[in-house]
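For what it's worth, the working numbering labels the leading residue of the sequence shown as 6, then goes sequentially. Here a beta-carbon is modelled for each residue, glycine too, at the ideal position from N, C-alpha and C.
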Amino acid sequence: MTEKTNIFQRLIHLKPKWAILSFILLDLFSIGLGMGVPFFTILLGLPVGWWLARRLGEKPQTLHALLGSLLKYAALTAAFSMLVLAVIWLPSLKWLFDPSADLANYGMPLILFEPLASFIGWQVLMVLISPFLQMLMTVFGAVVTWWREEEEDRKLFTTGK
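Written as structure tokens, this is what we have:
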């Protein structure tokens, strides 16, 4: 067994407490790395999906149960990210009711060409849409992992290598 395989096997067989703690730390780091903009958190969904696919594929279960577990865990990771992003972004909603707030200089892109509409759109994007994209990326990572495993199995059966 090579060193790389050994590391991957140890990663796949992490105890649940360590896996949850690792995810929380990586999620907080990725949100901080993006300075509150969860671009890296969305990308974190790919390795989380890979890990979930490997971990969930360990025990035999029906396809329905497997996909249900994948969606449940992907939704849990996105819910944690949503909670952290809500803590970061939602306190600024008080500016909606402050007539002296200068929303144009808040530091967000004016994607809707009007400061108030852009501010609301930015909040929705950060707190609701980004965690949903993270969930989709997690599911995508798992599906690609399963697809690659099936392709490797097919190659093994046809060539014997």
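What three-state label does DSSP hand residue 118 in the structure shown? Counting from 1 along the sequence shown, the entry for residue 118 is found at position 113. Reduced to three states, the DSSP call for residue 118 is coil.
How would you call residue 43, buried or exposed, if buried means at least 16 neighbouring beta carbons within 10 angstroms? Your numbering for residue 43 matches position 38 in the sequence shown. Classification for residue 43: buried.
For my contact list, residue 97 and residue 136 are in at a C-beta cut-off of 8 Å; report their separation, rounded to the angstrom. Here residue 97 refers to the residue found at position 92 of the sequence shown. Here residue 136 refers to the residue found at position 131 of the sequence shown. Here residue 97 is actually not in contact with residue 136; their C-beta atoms are around 18 Å apart, not less than 8 Å.
Kindly give me the distance between the Cβ atoms of residue 115 and residue 105, rounded to whole angstroms, as I take these residues to be in contact under 8 Å. The sequence position of residue 115 within the sequence shown is 110, counting from 1. The sequence position of residue 105 within the sequence shown is 100, counting from 1. Taking the Cβ atoms as the reference, residue 115 lies roughly 19 Å from residue 105, outside the contact range of under 8 Å.
4 or more residues per run - each alpha helix (DSSP H) lying fully within the stretch 11-98: Within the stretch 11-98, complete alpha helix (DSSP H) segments of at least 4 residues are found at 21-38, 44-61 and 68-94, given in chain order.
CA-to-CA distance, residue 19 to residue 12, given in whole angstroms: On the sequence shown, position 7 is the one that residue 12 refers to. On the sequence shown, position 14 is the one that residue 19 refers to. The alpha-carbon of residue 12 is positioned some 11 Å away from that of residue 19.
Nearest neighbour of residue 78, chosen from 55, 121 and 91 [CA to CA]: Numbered from its first residue, the sequence shown carries residue 78 at position 73. Comparing alpha-carbon positions, the option among 55, 121 and 91 lying closest to residue 78 turns out to be 55.
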